[in-house]
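The sequence shown finishes on residue 1149 if you use my numbering, and the numbering steps up by one all the way, no holes.
We put the beta carbon where it would ideally sit given N, CA and C, even for glycine.
Note that the coordinates shown come from a computational prediction; the quantities given were computed from them, not determined experimentally.
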Amino acid sequence: MSKASTSGTGHDGTAAGTGTGTDTSPGTGADTDRGTGVDPGTDTGAEPDAPESPDAQDTRELGDAGSRLSTAPREEREEREGTAIGGPVLGVVGWIRWFWRQLTSMRVALILLFLLSLGAIPGSLIPQLSVDELKVQDFKDQHQTLAPIYDKLQLFQVYSSVWFSAIYILLFVSLIGCIVPRTWQFVGQLRGRPPGAPKRLTRLPAYTTWRTTAEPEAARAAALAMLRKRRYRAHTVGDAVAAEKGYLREAGNLAFHISLIVLLVAFAAGQLFKSEGGKLIVEGDGFSNTLTQYDDFKSGSLFDTDNLAPFSFGLDKFTGTYERSGPQLGTPRVYRADVHYTEGPGGAEKKAAVEVNKPLVVDGSKVYLIGHGYAPVVTVRDGRGEVVFQGAVPLLPIDSNVSSTGAIKVMDGYRDKSGKKEQLGFAAFFVPTYGGGEGGATKMFSRFPALDFPVLNVGAYHGDLGVDAGLPQNVYQLNTRKMKAFKDADGDVLKKTLLPGDKLTLPDGAGSITFEKDVKEWATFQISHQPGDGWALTGAIAAIVGLAGSLFIQRRRIWVRTVRGADGVTVVEMAGLGRSESAKLPEELADLAYTLNSEAPTAPDSTEENAGGAEK
């Protein structure tokens, strides 16, 4: 026998369903032949111009079999009794119920999710106070017209703004209010059984039938065994077998929305309990995870600084190599910080390498490598030749070739030629690969980021650095408001470009500064603790899996009815109903029919039997 067709003719001579039905009601997925909803010759008692409602027709045609294959809430219709012209009159409770239904509808949840995505765009394009206050201040200085408007709209602190928090909270409430009733409804569906077959299987989108020599009970038993083997939930109801499959579609849908809640909770926890700080470390120096060790530090409103993870690490060596030819000249190839670290008091020392996007993970905190520069080693002596300062001075890069600027400050130990205490300051400009030029720092530039030809330019000042005033001061900038410049022979600020080993002698026996034959490298690290990262990752993965399940798994029902016909021959009817229109449902039904036909083979046509008898 060839595979049974899903577009055959019913045993009663009526045309079978051909799968052309459409999903005209949310979640029904049934072809209910919309129109007047009245069968020919049926007296419904209704006026000719009053068509039967779709829900009433579904109930009459399909009964429980046409119940929704989804837990999506059905829109409720307001009662028209006692309403005024133009719509229903709602009391306080009615308006609350209406608002709650709107808020917990999937349509509003999607709108809020879209608004949340739009709201995050300014946080990516506009500098944020929680990330970099200096960039925010620079933006305000450059955009003095826009800055006040952005301030009022809280665009410099998007993720903690009132409007972003409102969208966030409403989305959270909407998802919970939508998911909880759907979850209970889905659990009830799992505990129940597939509904019995509708009276007229020909009304369903996919349908096929044939006559068989098998007994009705044997055909039903074969259908039940076949469907269970295909992992359908199946049972016998009256003269038919009812089966259902594809529950994971709704489970995936619920998992997707629950995962969104997990993501929201993880994001909120990360913002409330996070800590984040930066530290610049020169080769040979170290860091201990205490608040006073940070160069800058930010934390969530519920974070307790006493809960900082007890660990420390030191920078042994920074290694940087760069492309030396071609269009990517100067592009970093190796960018690695070799460190040693210990976890907890008295912990064993361990070695590790920190690279870009490959952080060091210590006791729940992540140490990221985010920057690099040079720290020339200098020695400052007073007029008597005594060393008053010696060490590596980190300078900040200002271009991609690591041309760097900064300040060298001698705050204690220096006395002028008369023995009076004074402070020294040097404006410093450093290039790792000198590009040529004379005239001080204004003509210096670096041709390459590696230490091929290091040169240091310094300008000398003396007086009061202002560090004892009690006001915060940028360690990389030289405040010359209370300082006097050392003068050269032309009366200008005393400056000199130094090669490694060169020295600048200050006038009138004031001392000297020497650029030692050593340049150390430094690296900046971001130490971050985000307690919600693991949950956020889990939620994201679960959301993808759930979304894939809700998109690619189809929930469908199959019925097999076996009855004895008027001529005593068993008639088998098979029909299928899916949640939504799908070309695969008729194919699946045809495959099931073909399999069942091997157990309940097609009976010979009565005209063929009569013809065979006449030949005899």
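Run through DSSP, which three-state label would residue i get?
i: G811; result: strand
i: D684; result: helix
i: I1046; result: strand
i: L862; result: coil
i: T565; result: At T565, the pLDDT of 36 sits below 50, so the modelled position is not reliable and the matter cannot be decided from this model.
i: I644; result: helix
i: I1091; result: strand
i: L649; result: helix
i: E955; result: coil
i: G1065; result: coil
i: Y947; result: coil
i: P1040; result: helix
i: F689; result: helix
i: L1110; result: strand
i: E876; result: strand
i: I1074; result: helix
i: H790; result: helix
i: D1138; result: coil
Could you tell me if residue i is buried or exposed, where buried requires 16 or more neighbouring beta carbons within 10 angstroms of its beta carbon?
i: V872; result: buried
i: D1138; result: exposed
i: F632; result: exposed
i: V887; result: buried
i: A1076; result: buried
i: L1129; result: buried
i: R610; result: Low confidence applies to R610: its pLDDT is 43, below 50, so where it sits in the model is not reliable enough to give any reading.
i: A756; result: buried
i: E526; result: As displayed, the chain neither begins before 534 nor continues past 1149, which places residue 526 out of reach and without an answer.
i: A730; result: buried
i: K807; result: buried
i: P727; result: buried
i: M977; result: buried
i: G972; result: Confidence at G972 is low in this model, with a pLDDT of 48, below 50, so its placement is unreliable and the value that follows should be read with caution. Exposed.
i: P573; result: A caution first: P573 carries a pLDDT of 36, below 50, which makes its placement in the model unreliable, though a value can still be read off. With fewer than 16 Cβ atoms within 10 Å of its Cβ, P573 is classed as exposed.
i: L658; result: exposed
i: P878; result: exposed
i: T838; result: exposed
i: A767; result: buried
Verify whether the separation of the beta carbon atoms of residue i and residue j is less than 8 angstroms.
i: Q1063; j: G803; result: yes
i: G906; j: W1055; result: yes
i: L1031; j: G958; result: no
i: P1134; j: T745; result: yes
i: A908; j: A881; result: no
i: V641; j: S698; result: no
i: L1122; j: A739; result: yes
i: L649; j: I700; result: yes
i: W743; j: V1096; result: no
i: V889; j: Y868; result: yes
i: K668; j: P660; result: yes
i: L984; j: P1005; result: no
i: L929; j: Y994; result: no
i: F981; j: Y855; result: yes
Could you tell me which residues DSSP puts in a beta bridge with residue i?
i: A730; result: None; A730 has no bridge partner.
i: D871; result: K850, A886
i: H768; result: A775
i: R753; result: Beta-bridge pairing links R753 to no other residue.
Can residue i be considered in contact with the ligand COA, in the sense that its beta carbon sits closer than 7 angstroms to one or more heavy atoms?
i: G952; result: This structure simply doesn't include the ligand COA, nor any ligand for that matter.
| message | Below 8 angstroms, how does it come out for the region 1027 to 1040 and the region 986 to 1006: are there three or more Cβ pairs, yes or no? | response | Using a Cβ-Cβ distance cut-off of 8 angstroms, the region 1027 to 1040 and the region 986 to 1006 are in contact, since at least three pairs of beta carbons, one from each stretch, lie closer than that value.
| Taking three-plus beta-carbon pairs below 8 angstroms as touching, is the region 762 to 779 in contact with the region 1079 to 1088? | yes
| message | Closer than 8 angstroms is the cut-off here; do at least three beta carbon pairs connect the region 832 to 845 with the region 856 to 868? | response | no
| field | Sufficient close CB pairs (3 or more, under 8 angstroms) joining the region 756 to 773 to the region 1088 to 1108 | value | yes
| request: Decide yes or no for the touch test of the region 810 to 820 against the region 782 to 790: beta carbon pairs closer than 8 angstroms, at least 3 of them. | output: No, because fewer than three Cβ pairs between the region 810 to 820 and the region 782 to 790 fall closer than 8 angstroms, the two stretches do not touch.
| message | Three or more C-beta pairs under 8 angstroms: does that hold for the region 938 to 954 against the region 913 to 920? | response | Three or more beta-carbon pairs separated by less than 8 angstroms link the region 938 to 954 to the region 913 to 920, which places the two stretches in contact.
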